[in-house]
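Residue numbers (the numbering used here): 488 to 690.
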């Protein structure tokens, strides 16, 4: 149940906190990131990349996003399962695009989870929990713990986005792009998604 989910989220958070043990922001930005940035919205490859010998592309340059954690179904699964909604913005559009890069079954699972609503049209789990907020306070507490852990994960991620990308961009001209690894602007919208996560337990 929710307690098991919280244990998994705690392990995820604690693992994420170890990032700087073996990953230096300067080295990541200048020596690793250029190779995983992708070639969609990339100033260095504005027309994309041609794949010679791939018949299905007919010699036409292709534009693909870079490797990014947004291609994982884990955080979208938490949002959908916990009933956390994000108002449309450039980041939500980008995250929807990232689903093209997910395994098809992961993508299908997310679609089913997002459509799971109660008779009032509310997300299934959060609606159930809210109806029992006072009659079963332990259930509400467990739900809030999961939401808080997701907020913590997002807050840590914002810190890394700042130190590994935003600050490096400000101080180094060798990789001149103030966008996320997938090729989108990020800081403002990451903060917005964090705020919307926290809002889920005060509505």
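Yeah, the Cβ is synthetic: ideal placement off N, Cα and C, and Gly gets one too.
- Distances from the CA of residue 617 to each of 630, 606 and 608 were compared; the closest alpha carbon is that of 630.
- Taking all protein chains shown into account, residue 522 has fewer than 16 neighbouring C-beta atoms within 10 Å of its C-beta and is therefore exposed.
- Excluding residues up to 5 positions away in sequence, nothing lies with its Cβ nearer than 7 Å to the Cβ of residue 590 in the same chain.
- Restricting attention to 606, 626, 578 and 555, the CA atom closest to the CA of residue 681 is found in 578.
- In chain order, 552 and 558 place their CB closer than 8 Å to the CB of residue 588, counting only its own chain and leaving out the 5 sequence neighbours on each side.
- By the Cβ rule, the stretch 599 to 609 does not count as touching the stretch 524 to 533, because fewer than three pairs are nearer than 8 Å.
- Ranking 503, 638, 542 and 506 by CA distance to the CA of residue 566 puts 638 first.
- The beta carbon of residue 576 sits closer than 8 Å to the beta carbons of 676 and 679 from its chain, once the five residues preceding and following it are set aside; these are given in chain order.
- A check of alpha carbon separations from residue 527 across 673, 536 and 640 identifies 536 as the nearest.
- Secondary structure of residue 555 (DSSP, three-state): coil.
- Taking a contact as a CB-CB distance under 8 Å, the pair residue 496 and residue 640 counts as one, their CB atoms being some 7 Å apart.
- Taking 8 Å as the upper bound for CB-CB distance, residue 506 and residue 647 are in contact here, some 6 Å apart.
- Buried is the label assigned to residue 560, since at least 16 other Cβ atoms lie within 10 Å of its Cβ.
- Here residue 604 carries a strand assignment [DSSP, helix/strand/coil].
- Between the C-alpha atoms of residue 610 and residue 619 there is a straight-line separation of about 14 Å.
- Per the coordinates, the alpha-carbon of residue 555 lies some 12 Å from the alpha-carbon of residue 584.
- DSSP, read as helix, strand or coil, puts residue 532 in coil.
- Across the set 547, 544 and 582, the C-alpha of 582 shows the shortest separation from the C-alpha of residue 564.
- When rounded, the separation of the alpha-carbon atoms in residue 685 and residue 509 is 30 Å.
- DSSP places residue 634 inside the alpha helix (DSSP H), whose first and last residues are 624 to 648.
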